[in-house]
Amino acid sequence: MSGAFPEGFLWGAATAAYQVEGSPLADGAGASIWHRFTHDPRLMIASGDTGDVACDHYNRMESDVDLMKRLGLQAYRFSISWSRVLPDGTGRVNQAGLDFYRRLVDRLLEAEIVPLPTLYHWDLPAALDDRGGWLNRDSAEWFAEYAAVMYRALDGKVTRWATLNEPWVVADGGYLNGVLAPGHRSIFECAIASRNLMRAHGRAVQAYRALGRHEVGVVFNIEPKYAASNSAEDLAATARADAYMNRQYADPALLGTCPAELREVYGEAWEDWPEEDLALACQPVDFVGINYYTRSVVRASDSAWPLYAERVVQEGAPHTETDWEVFPEAMTRTLLWFRERYGDIPLYIMENGAAFSDPANSTGAPIVDDDRCRYLADHIAAVRDAIAAGVDIRGYMVWSLFDNLEWALGYAKRFGIVHVDYETLERTPKHSARLYRRIIESNGTAIDREIA
Ligand code: PNW
1 MSGAFPEGFL WGAATAAYQV EGSPLADGAG ASIWHRFTHD PRLMIASGDT GDVACDHYNR
61 MESDVDLMKR LGLQAYRFSI SWSRVLPDGT GRVNQAGLDF YRRLVDRLLE AEIVPLPTLY
121 HWDLPAALDD RGGWLNRDSA EWFAEYAAVM YRALDGKVTR WATLNEPWVV ADGGYLNGVL
181 APGHRSIFEC AIASRNLMRA HGRAVQAYRA LGRHEVGVVF NIEPKYAASN SAEDLAATAR
241 ADAYMNRQYA DPALLGTCPA ELREVYGEAW EDWPEEDLAL ACQPVDFVGI NYYTRSVVRA
301 SDSAWPLYAE RVVQEGAPHT ETDWEVFPEA MTRTLLWFRE RYGDIPLYIM ENGAAFSDPA
361 NSTGAPIVDD DRCRYLADHI AAVRDAIAAG VDIRGYMVWS LFDNLEWALG YAKRFGIVHV
421 DYETLERTPK HSARLYRRII ESNGTAIDRE IA
C-alpha cells in the first residue's frame, strides 16, 4: 500500500430516488415505470416490495441531511425523479416536485455538503413508457428537455451533473432480461434502448453546454472480466462479456465507436450505428463516474445465450449477500484499465459497497457490520493504489447511505452504512458509518488500521 489521497478528495455517500424517497405520487408527481413495475401483479418483484414508503426520505429530507452532516459526509450523490418534476415526462412542470430538489440542494449547501445529482437512475416517467420509452428515438429530446429544466432550476447551486446511471443495467435488466422495469425481454429492444440511452446522454450534455458553466458527466458500472483459462474459447467469451457490459456504453460516449464484439453478441438484432448517432453520443464530458462492486471470472458456454459466456463461481472466496465475489484488486485494475483505454479523464467512484446481513439488532444496540467495514477499507485502499499509479480520481461515494429498496431484490438486501428499521423508519448508523467518518476526517489514512 502506498500513496495518499489528494487534498480536496471528495468523500460522500450515494442513494437513488426510487430506492429511498417513498411517496412516489405525492404533490402532483406522475408515476414512473418503477412504480408501475412494483404494482403490476404480472411484473412486480418477488417479495411484493414497492417504493411506496422506502426510507421515507421524501418526508424526512431535512433530518436526513442533518444525519449526513453528523456522519461527516462532504458530498451526497442522489438522483432526481423525472416524473416528480415532469409528471408527463415532457411539457408541464410540477413546481412542488421541483421544490423538493431545490430544498434538498439548499439544505445540503447550508450543511456544506456538495450535491451530486444524477438525472436518470432508472425511473422513467410511465407516461413516456406509454410512448415507447427508450425504444422511441424521441427519448433523446425528452431527456434533454427534462435535463434543461433541472439545469435552470439549480443553476449556480449544482456544479457537477451526471446524466445517466449505468445504462447497461437499464438496457440489460429492463429490456433483455426483464428483471427490472419496464420488464421486457427482447434482444432487439435491448440494442435499440442502448443506442437511444447514449443519444439521450449526448443531448443532455449538449443542453448543459448551452446553459451551464460547470461540469457534466456520466456514470458507468464496470465489472472486470477475468478469463477462466487461456483457451481461445474462454478468451473470446471473456472479450464478449467485457464488450457487452464494460465497453458497450463507454466506447460510444468516449471514443465514438462501438465494440466489434457486439455484432456477434446481438446477432441479427445488431445494426451499425449511423455516424450521426455516434457523433451525438460522443460529447466531451468533464468527468466519468465509475460504479465498482465485483469482478467476474468467465468461461465459454454453449447454452448461455446471447453471450455464450458464463460466470464461474469462485468457491471458497468471500462473497457478499448478493453473491458478488469480494475482490478489491480488481477495482485498481478497473481504474487503470479505464485510463489506459479512455485517456486521462477525471474519475469519481460514484458507487462502491456491499450487501451483508446485519447481526440481529435490538433497539439501541450498536450494529456491528465488520464485513462491510472490511469491504470498504479494502476497496478504498484499492482506489488509493490506483491514485498512486497516476489515475486522476477525485472522489469516492459509498453505496449506500441507507439500507434501501434493492430493486428486484426488495428490502432484504442491505447495502447501507446506516441501518433503516422498516417498521419505525428509524435510522441507526452502523459501525461502518463510524469507520467511514474516521476515514473522511483523516482523508483516507484511517484505513491503514483496518487493512493492517
Ligand atoms: C447498482 N450488475 O446497480 C445501482 O446503481 C444501485 O442502484 C444498486 O442499488 C447497486 O448497484 C447495488 O446493486 C447494479 O449486475 C446492479 O453488474 C447490478 C449490477 C451492477 C450494478
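287 is the number that the working numbering gives to position 287 of the sequence shown; each next residue is one higher, with no gaps. Positions of the beta carbon are idealized from the N, C-alpha and C atoms, including for glycine.
Asked, Found
"Bridge partners - SER32, DSSP secondary structure assignment", "PRO125"
"GLY395 beta carbon less than 9 Å from that of LEU10", "yes"
"Neighbour-count burial assignment, GLU166, 16 or more Cβ in a 10 Å radius", "buried"
"Cβ shell of SER357 (< 8 Å), same chain only, five flanking positions each side left out", "GLU321 and ARG414"
"GLN314 Cβ short of 8 Å to the ligand PNW heavy atom set", "no"
"Distance cut-off 8 Å: THR334 Cβ against heavy atoms of the ligand GDP", "This structure does not include the ligand GDP; its bound ligands are the ligand PNW."
"TRP168, buried or exposed, once every other Cβ within 10 Å from all chains shown has been counted against 16", "buried"
"Whole-angstrom distance between ALA227 and VAL475, CA atom to CA atom", "Outside the modelled stretch of the chain, which goes from 1 to 452, sits residue 475, for which no answer is possible."
"Of the residues GLN283, ALA191 and LEU176, the one placed nearest ALA204, counting alpha carbons only", "GLN283"
"Burial state of TRP134 (16 or more Cβ within 10 Å)", "buried"
"Nearest neighbour of PRO115, chosen from ASP138, ALA304, ILE80 and MET331 [CA to CA]", "ILE80"
"Meets three-Cβ-pair contact criterion under 8 Å: the segment 184-199 and the segment 107-114", "no"
"CB of ALA382 within 9 Å of CB of THR424, strictly", "no"
"VAL418 in three-state terms, based on DSSP", "strand"
"Contact test: THR322 Cβ vs the ligand PNW heavy atom, cutoff 8 Å", "yes"
"Cross-strand partners of PHE287 (DSSP beta bridge)", "GLY217"
"Short Cβ contact (9 Å threshold) for PRO328 with TYR266", "no"
"Nonlocal neighbours in the same chain, by C-beta distance under 6 Å from SER139, ignoring five residues either side", "ASN196 and ALA200"
"Burial state of GLU406 (16 or more Cβ within 10 Å)", "buried"
"Coarse secondary structure for THR332, derived from DSSP in three states", "helix"
"Straight-line gap, THR238 to ASP172 (C-alpha atoms, nearest Å)", "17 Å"
"Inside the segment 71-110 only - beta strand (DSSP E) runs reaching at least 3 residues", "75-79"
"Chain-order list of residues whose beta-carbon lies under 7 Å from that of ARG339 (same chain, five-residue window excluded)", "VAL391"
"Per DSSP, cross-strand counterpart(s) of ALA162", "THR118 and GLY217"
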